[in-house]
Structure formats: structure tokens, C-alpha cells
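K.L.:
With this note's numbering, you'll find the sequence shown wraps up at 749, consecutive numbering, no jumps.
For each residue, glycine too, the CB sits at the ideal point set by N, CA and C.
Predicted, not measured: the structure shown is a model, and the values here were computed from it.
Shown below is the structure under consideration.
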Amino acid sequence: MATVTVEGLHKSFGSVQALNGVTLDVPDGSFFVVLGPSGAGKTTTLRCIAGLEKLDAGSVHLDGRDATGDTPADRDLAMVFQSYALYPRRTAYENIAAPLRARRASSDEIGAAVEKVAALLHIERLLKRRPAQMSGGEQQRVALARALVRRPRAFLMDEPLTNLDLKLRVEMRTELTRIHRSLGGTFVYVTNDQVEALSMADQVAVLKDGQVQQVGTPAEVYERPANQWVAGFVGSTRMSLLACRVEGDQLVGAEGWTLPRPRWTMAENGRPLLLGLRAEDVSVERRGDATLPGELYGLEPLGDRTVVDVKVGKEILRVKARSTVTGTPGERLSVAVDLDRAHLFDAESGLTLAESSR
Ligand code: ATP
Numbered sequence: 392m393a394t395v396t397v398e399g400l401h402k403s404f405g406s407v408q409a410l411n412g413v414t415l416d417v418p419d420g421s422f423f424v425v426l427g428p429s430g431a432g433k434t435t436t437l438r439c440i441a442g443l444e445k446l447d448a449g450s451v452h453l454d455g456r457d458a459t460g461d462t463p464a465d466r467d468l469a470m471v472f473q474s475y476a477l478y479p480r481r482t483a484y485e486n487i488a489a490p491l492r493a494r495r496a497s498s499d500e501i502g503a504a505v506e507k508v509a510a511l512l513h514i515e516r517l518l519k520r521r522p523a524q525m526s527g528g529e530q531q532r533v534a535l536a537r538a539l540v541r542r543p544r545a546f547l548m549d550e551p552l553t554n555l556d557l558k559l560r561v562e563m564r565t566e567l568t569r570i571h572r573s574l575g576g577t578f579v580y581v582t583n584d585q586v587e588a589l590s591m592a593d594q595v596a597v598l599k600d601g602q603v604q605q606v607g608t609p610a611e612v613y614e615r616p617a618n619q620w621v622a623g624f625v626g627s628t629r630m631s632l633l634a635c636r637v638e639g640d641q642l643v644g645a646e647g648w649t650l651p652r653p654r655w656t657m658a659e660n661g662r663p664l665l666l667g668l669r670a671e672d673v674s675v676e677r678r679g680d681a682t683l684p685g686e687l688y689g690l691e692p693l694g695d696r697t698v699v700d701v702k703v704g705k706e707i708l709r710v711k712a713r714s715t716v717t718g719t720p721g722e723r724l725s726v727a728v729d730l731d732r733a734h735l736f737d738a739e740s741g742l743t744l745a746e747s748s749r
């Protein structure tokens, strides 16, 4: 299998700069996810790796060798798209066998390879069906099988689960990580779904406006976001951000509140900051030394949990609570803050502040 390294990718379409210096280092055998919102440049990055786009600048190395000038076929990468692109008149078996036939493999070899990949994807019973006789999820599995059977150098996957319903998506997430583990290949997987990224990836690269914001393990990106934007994009419940500054041993909010200064911050007095609090790191049920005064603004029941919106001055703080929580808007509340898990960003640049040890 393969390492994939891209360096300084630049790509414009007319006046739109899709990629503005993208550098990624995909380790051999990893499940590497490129995560970003619509228009971030994810598909363009994948197409550049595949050799389907001409670069304005930058390079692509496969297994350490410069492949920038290679044709897509020479690169030996398999691409799986969100549209399945199966041959409609052929059976699943023939669809999966197609890349092996193109390579002139013997029918014994083809039979063995198709059988193996069909077992891996649990699609043995579909092999005689045509695409029209299969559900979307089944077609997606066949498309995946067709990519897997080739044993390419690496797999490039562009939002392959997007067209599936939620239940199937969740199932396929687990399935894909299982397949990755049993195959041991290099996967570069593009998605705008941060849950998908956090649950599947060994490494995540967060992309915005054609620029890499951060690369790290899912835990690193979630726990130590490089900037305010990553902090807001990653996480099912958006991180709350409160304007503040450090004054001596206190954190003073623009809305008039005070908290003890987190011991881990080295921020200088008076510098405009944003305090970032994840909904699970604040509580309306616990008591603590560090609390913010607010009033209930709204309740959002999520089934197993309820998100409580608390108004702190003019700012809204989102708080995860038990689903049994009740209250009336306007009611005064005290929110306990876990300062060891809080984040501080420079208000101007949005960058995470340097920390002393936590
Ligand atoms: P999505 O999640 O919506 O697929 P993405 O992150 O994959 O988005 P890209 O498809 O890479 O984003 O597009 C990046 C930017 O480049 C967008 O602004 C898009 O409109 C533009 N773009 C991409 N391909 C072309 C093209 N062939 N012609 C013109 N503009 C393009």
C-alpha cells in the first residue's frame, strides 16, 4: 500500500481559488479524512491526487515518488464517488469483475476475488442482481466492492455515504472502518460530516476555503482545536464563545461576569479573548466554584439529552443536560464551568492561545 503526500497544491477555476496551498501527508495504511464545509476544496483535492485536475502549483508524491506528471491510470488509485456509477445492464458480479476483466485476469482468479470481496461486504446474495434491483445502500456496497477488488495503491473516497439514509450511513461507517482494518489499505476519505470524520478517521485534515486549518487525530481536533473556526465546525453541538479578557487572576466577561483565571493560560492582561465552552463542559445541574449567571432562553430536547440555551448578558451559552430538565424562559440559572476543559482564542486572529501545561 502507499503513502500519499501532497504539497502546496494551488488550483483555481477562473476567478475561484479552490485550493490555496494544501499540504497533506497521508501515512501508509491510514484512514485519512479530509473534512470541511461545502466548497472548501475537498473534491478538488481528491481529484488532484487522482490526476484528474491539472495543478496550478504544487506536487503529488505517491510512495515517496513524484507522481505530479503521471496519468490517472499510472497512479493506480481507486476512486469511489457518492454516485455509484454502476453499469446498469450488468449484474453486481459483472460490475465487480469489470476492473479485473480489463486487466485480463483469468476467470478462476476473478471468481475467487469477487467471492472474497462479496463476503467482506456481505453482498453474496446480491451478485446476480442488476443495479435497478438493488437499494441505494446495496448499490453503494457493490460500487465499493468494485473499487476494493482492484487492490489499488490507495482508495480515494468522495462522500461515498452521502446518498444513504441515516440508519444505513451509520451502519456503513462501522462497516468501512472494519473493511479498512481487514484490508489494511490507505484510505483518503472526503466528507462534510464531522460525526463521520470523528468516528472513522485515524487522522483528520480540516479544510476551509482551500486551506488546511488543522491536521490531527479526531481527539486532537476535538479537544485541542487549532482555532475558533475548527472549534465551531467540529462537534455536534456548536461550541459557545464568550467575549472576555484576563485581569490578574480573573477572567472578566464583556457581559460583566467573572470567572477564576484558568491556571493553564498564559494570556496577558487586557487582550481581547473568546472563551470557548463545549456544551458537555458546562452544567446547569452541577454546582461549582466557577459559575456564570444567566437566564433560561430555550430548551432543545435531543431524545437522550436536552440542550439548554442560557442567555449570559447578550450572549447565548449552550449547555447539555439530562432529558428530564425543565424550566421556563426568563428563569435565572447558574451555569457551572469546567475551566480545565475550556478553550481560549485570540478574538482578533481566532487562533487558540498558547497554553502552559494543563
Ligand atoms: P462539496 O462538499 O460541496 O462537494 P468541496 O469541498 O468538495 O465541496 P470543491 O468541489 O472542491 O469543494 O470546490 C471548491 C471550489 O471550487 C468551489 O467554490 C467550487 O464552486 C469551485 N469549483 C470546483 N470545481 C469547479 C469547476 N470545474 N469549475 C468551476 N469551479 C469549480
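For residue 517, I'd like the list of residues in its chain whose CB is within less than 7 Å of its CB, leaving aside the five on either flank, ordered along the chain.
P.N.:
Excluding residues within five positions, the ones whose Cβ falls inside 7 Å are 483, 525, 529, 533.
K.L.:
CB of residue 414 to nearest heavy atom of the ligand ATP: below 8 Å?
P.N.:
Answer for residue 414: no, Cβ out of range of the ligand ATP.
K.L.:
Consider the C-beta atom of residue 638 and the heavy atoms of the ligand ATP; say whether any pair is separated by less than 8 Å.
P.N.:
No; taking the cut-off as 8 Å, the Cβ of residue 638 has no heavy atom of the ligand ATP nearer than that.
K.L.:
Whole angstroms is fine: what's the gap from residue 618's alpha carbon to residue 604's?
P.N.:
Cα to Cα, residue 618 sits roughly 8 Å from residue 604.
K.L.:
My guess is that residue 703 and residue 716 are in contact by the Cβ rule of under 8 Å, so how many angstroms apart are they, rounded?
P.N.:
At roughly 18 Å, the Cβ-Cβ gap does not stay under 8 Å, so residue 703 and residue 716 are not in contact.
K.L.:
Rounded to whole angstroms, what is the Cα-Cα separation between residue 546 and residue 707?
P.N.:
Their backbone Cα atoms lie some 42 Å apart in a straight line.
K.L.:
Check whether the region 483-498 and the region 433-445 are in contact - that is, three or more C-beta pairs closer than 8 Å.
P.N.:
Contact fails: fewer than three Cβ-Cβ distances are below 8 Å.
K.L.:
What is the rounded straight-line gap between the Cα of residue 427 and the Cα of residue 584?
P.N.:
Approximately 8 Å, taken between the alpha carbons.
K.L.:
Look at residue 606 and residue 622 and say whether their C-beta atoms are less than 9 Å apart.
P.N.:
For residue 606 and residue 622, no; Cβs fall outside 9 Å.
K.L.:
So what's residue 700 in DSSP terms, helix, strand or just coil?
P.N.:
Reduced to three states, the DSSP call for residue 700 is strand.
K.L.:
From this set, 452, 455, 460, which residue's C-alpha is nearest residue 444's C-alpha?
P.N.:
Checking every option, the nearest Cα to that of residue 444 belongs to 460.
K.L.:
Contact between the region 678-690 and the region 644-664 is defined here as three or more beta-carbon pairs at a separation below 8 Å; is this criterion met?
P.N.:
Contact holds: three or more Cβ-Cβ distances are below 8 Å.
K.L.:
Starting from residue 746, follow its DSSP beta bridges and name the residues at the other end.
P.N.:
According to DSSP, residue 746 bridges with 656.
K.L.:
Taking its Cβ as the centre, do 16 or more other Cβ atoms sit within 10 Å of residue 569, making it buried, or is it exposed?
P.N.:
Residue 569 is exposed by the Cβ-count criterion.
K.L.:
For residue 520, which residues of its own chain have a beta-carbon under 6 Å away from its beta-carbon, when the five flanking residues on both sides are left out?
P.N.:
Within the same chain, residue 520 has close Cβ partners 483.
K.L.:
In whole angstroms, what is the alpha-carbon distance linking residue 729 and residue 559?
P.N.:
C-alpha separation (whole angstroms): 36 Å.
K.L.:
For residue 643, which residues from the same chain have a beta carbon less than 8 Å from its beta carbon, with the 5 sequence-adjacent residues on both sides left out?
P.N.:
Around residue 643: 635, 636, 637, 649.
K.L.:
So what does DSSP say about residue 448, is it helix, strand or coil?
P.N.:
Residue 448: strand per DSSP, three-state reduction.
K.L.:
Taking the CB atoms as reference points, tell me whether residue 665 and residue 690 lie closer together than 9 Å.
P.N.:
Result no, Cβ atoms of residue 665 and residue 690 do not sit closer than 9 Å.
K.L.:
Can you tell me the Cα-Cα spacing of residue 672 and residue 659, whole angstroms?
P.N.:
Distance between the alpha carbons of residue 672 and residue 659 is about 24 Å.
K.L.:
What would DSSP say about residue 423, mapped onto helix, strand or coil?
P.N.:
It is a strand residue.
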